[in-house]
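Visitor: What follows is a single structure, and I will ask about it in a moment.
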Amino acid sequence: MTPETFEAVFRDTYERLTRYAVRRCASPQDAADVVADTYAVAWRKREKIPRGDEAILWLYAVARRVLSEHRRSGRRDALLDAEMADLYAETPGVEMSVIGQTFRALPDGDRELLALVAWEGLGHDEIAVTLGITRNNVRVRLHRARRRFAKALAANGVPTSFALAPLGEIR
Amino acid sequence: MTDLLTTLDPSARGGDPDAPGARALLAHVMSEPAPVRRRRFLRPALVAVATGLVVTLTPPQIVTSYANAAVEIHLEGRQYVARILDPLAEHERFTEAFRAVGLDVRIRPLPVSPLSAGTSLGMMIGGTFDRPGEIGGEFAYDGVVLSANPEPKGCAPAQPGCSLIVRVPEGFPGSVDIRLGRPARPGEDYADFDKALAPGGPLHGVRLRHGAPVRDVRAEAERRGLRVTYQRIDIGPGGGLSFADVTPGDRWTVWNAWQVREGVVRLLVTERRLSQNPFYNGSAPPPNL
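Going down the list, the sequences are from chains A and B.
First residue of the first sequence: 1, per the numbering used here; consecutive thereafter.
First residue of the second sequence: 1, per the numbering used here; consecutive thereafter.
Next comes the structure, spelled out in structure tokens:
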């Protein structure tokens, strides 16, 4: 992969990767670290970056490993930190925060699956590539994650229609 | 049900790959030399393709010196030395000249203040090669330096007799991307925003090393006919700085100043006076601060 191609991948994926990091890091500095470390790994392994639409899925997988390692980047860039801080949404109101708290209390695996659907907007095939599991496995795990989330929401007084939808019809 | 979550998306929007921080990140990431790797054998399929190419294509003639209106290149020992004659020339002129001597060197123009026009804002070195190294702080390949500096050393490229000299080892297999400052068009943001306090900069002579009251710095900036904007400095738990637009009081403290574009500066401020300048944390002091 030439530097030009890498730069093109960076341009194509930067918006989505920054959102991925912001959604999973409480502080802009941590999000900046995840973004910086992910692209540093991508540069070192640039021969392995898949072409086209799969590049972002590959980067999500790298970012997921970066997040799980909890490394602190040695590099601090005030500009990048400031740009990350601008990407955060306003804190939602009280009613919404019940859903937020319920979501944050879910097991890590469930949270990641639901986030990939709700926020990254990935389909089952794309999630399978990102997580390195089979499509069928995605379907089953996602169903369980949704069920646990619905149950937890109901326990916190937020009813959902999830129980009515049979397995297979749920996106 | 995931619709419920959609409304809770913690990110308001995605980052802009053209923002200065993103650009700096890309440059930083790509400046890292590639890991050492040696291929001993070509796979049979590749050999077949390569043989086919030899038969059907005439290899381009590599010369050891080349000159056009933009650049003059010649071989000195094991190093190509390129003198940039016209930093404002079409960048294809540079690419073609370096290609003629067998090198992949590109010059990318970035909008800058008159202070940095014609100077290099940094290099990106790409490609896979063994034998990377460092000599006197410059990147080296096979014991030969790769650099882009004005010569005579420290001169201003706009001055007569001063030009940017690019040195690249003979046969360097990687690619080199040199960010070359070009004068910004009216209203265009400067890539060399950190030169506000440098000699010739809009706020040269203003001392901010130990902080200064907003009132004083604003008065001086207005006296010089500058439009002033402000950002508050927020210091993260890890010591990282972030900035947010703010309307400061007269007694707030200014710690640094940036040149945003022609006639516009940005003062970086805090409401309370800090014990030390957050841009100078005990390591090497930033120049001009």
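Every residue, glycine too, gets a C-beta built ideally from N, C-alpha and C.
If you're wondering where the values come from, they're calculated on a predicted model, not measured in any experiment.
Could you pull the start and end residues of the beta strand (DSSP E) that residue 183 of chain B belongs to?
Guide: 175-183
Visitor: Using alpha carbons as the reference points, say which of B:166, B:117, B:162 and B:153 lies closest to residue 140 of chain B.
Guide: B:166
Visitor: Return the first residue and the last residue of the alpha helix (DSSP H) that residue 29 of chain A is part of.
Guide: 28-44
Visitor: Could you please give me the residues that DSSP links to residue 104 of chain B through a beta bridge?
Guide: Per DSSP, B:175.
Visitor: Give the interface partners of residue 13 of chain B over in chain A, defined as CB-CB distance under 7 Å, in chain order.
Guide: 87
Visitor: Here's a check: name, in chain order, each residue in its chain whose Cβ is nearer than 8 Å to the Cβ of residue 88 of chain A, leaving out the five neighbours to either side.
Guide: 22 and 28
Visitor: How about residue 3 of chain A: is its C-beta nearer than 7 Å to some C-beta of chain B?
Guide: For residue 3 of chain A, the answer is yes, since a Cβ of chain B falls inside 7 Å of its Cβ.
Visitor: Going by DSSP, what residue range makes up the alpha helix (DSSP H) through residue 144 of chain A?
Guide: 135-155
Visitor: With burial defined as no fewer than 16 other Cβ atoms inside 10 Å of the residue's Cβ, what is the status of residue 223 of chain B: buried or exposed?
Guide: Exposed, because fewer than 16 other Cβ atoms sit within 10 Å of the Cβ of residue 223 of chain B.
Visitor: Which chain B residues sit within Cβ distance under 7 Å of residue 79 of chain A?
Guide: 20, 21 and 24
Visitor: Compile a chain-ordered list of the residues in the region 172-192 of chain B whose CB is closer than 7 Å to at least one CB of chain E.
Guide: Among the protein chains in the structure shown, which are A and B, there is no chain E.
Visitor: Residue 240 of chain B by DSSP, collapsed to three states: which one?
Guide: Three-state DSSP puts residue 240 of chain B in coil, outside helix and strand.
Visitor: Just confirm the distance between the C-beta atoms of residue 125 of chain B and residue 176 of chain B, as a whole number of angstroms; I'd bet it's less than 8 Å.
Guide: 6 Å
Visitor: So, using beta-carbon positions, are residue 60 of chain A and residue 134 of chain A closer together than 7 Å?
Guide: no
Visitor: Tell me the DSSP secondary structure of residue 279 of chain B in three-state form.
Guide: Residue state, collapsed to three classes: coil.
Visitor: Using a Cβ cut-off of 9 Å, pull out every chain A residue sitting near residue 105 of chain B, in sequence order please.
Guide: The premise fails here: residue 105 of chain B is roughly 12 Å from chain A at the closest Cβ pair, so nothing lies under 9 Å.
Visitor: With a 10 Å radius around its C-beta and 16 neighbouring C-beta atoms as the bar for buried, classify residue 276 of chain B as buried or exposed.
Guide: exposed
Visitor: Considering only DSSP beta bridges, list what residue 150 of chain B is partnered with.
Guide: DSSP output for residue 150 of chain B lists B:164 as bridge partner(s).
Visitor: Please list, in chain order, all residues of the same chain as residue 241 of chain B whose beta carbon is under 8 Å from its beta carbon, the five residues on each side excluded.
Guide: 233, 234, 235, 278 and 279
Visitor: When burial is assigned at 16 or more other CB atoms within 10 Å of the CB, is residue 90 of chain A buried or exposed?
Guide: Counting the other CB atoms within 10 Å of its CB gives residue 90 of chain A a total below 16, which places it among the exposed residues.
Visitor: Would you kindly report the start and end of the unbroken alpha helix (DSSP H) that includes residue 28 of chain B?
Guide: Here the alpha helix (DSSP H) through residue 28 of chain B covers 20-31.
Visitor: What are the residues in the region 8-20 of chain A lying within 7 Å of chain B by C-beta distance?
Guide: Answer in chain order: 10, 11, 14, 15, 16, 18 and 19.
Visitor: CB residue 203 of chain B to CB residue 257 of chain B, shorter than 7 Å?
Guide: yes
Visitor: Leaving aside the five residues before and after residue 145 of chain B along the sequence, list all residues of the same chain whose C-beta is less than 8 Å from its C-beta, in chain order.
Guide: 79, 135, 136, 138, 139, 167 and 169
Visitor: Leaving out five residues on either side along the sequence, give the residues of the same chain with a beta carbon under 7 Å from the beta carbon of residue 261 of chain B.
Guide: Excluding five sequence positions before and after residue 261 of chain B, the CB atoms of its chain that fall closer than 7 Å to its own CB belong to 184, 187, 188, 189 and 190, given in chain order.
Visitor: Could you pull the start and end residues of the beta strand (DSSP E) that residue 6 of chain A belongs to?
Guide: Looking at the DSSP string, residue 6 of chain A is not in any beta strand (DSSP E); the run it does join, the alpha helix (DSSP H), is 3-24.
Visitor: For the beta strand (DSSP E) that contains residue 234 of chain B, what are its first and last residues?
Guide: Residues 227-235.
Visitor: Of all the residues that make up the region 237-267 of chain B, which are near chain A by a beta-carbon distance shorter than 9 Å?
Guide: 237, 238, 239, 240, 241, 242, 243 and 244
Visitor: Quick one: what does DSSP say residue 271 of chain B is sitting in, helix, strand or coil?
Guide: In the structure shown, residue 271 of chain B sits in coil (DSSP, three-state: anything other than H, G, I, E or B).
Visitor: Does the contact criterion of 3 or more C-beta pairs under 8 Å hold for the region 6-26 of chain A versus the region 9-24 of chain B?
Guide: Three or more Cβ pairs closer than 8 Å define a contact, and the region 6-26 of chain A meets that threshold against the region 9-24 of chain B.
Visitor: Quick one: is residue 229 of chain B near chain A, going by C-beta distance under 7 Å?
Guide: no
Visitor: Tell me which same chain residues have a C-beta within less than 8 Å of the C-beta of residue 27 of chain B, skipping the five on either side of it?
Guide: 122, 124 and 179
Visitor: Check the Cβ of residue 100 of chain A against every Cβ in chain B and list those closer than 7 Å, keeping chain order.
Guide: 8
Visitor: Less than 7 Å between the C-beta atoms of residue 49 of chain A and residue 58 of chain A, yes or no?
Guide: yes
Visitor: Determine the closest residue to residue 229 of chain B out of B:200, B:195, B:206 and B:269, with distance taken between C-alpha atoms.
Guide: B:269
Visitor: Only counting the same chain, and skipping five residues up and downstream in sequence, which positions put a Cβ closer than 8 Å to that of residue 103 of chain A?
Guide: 111, 114 and 149
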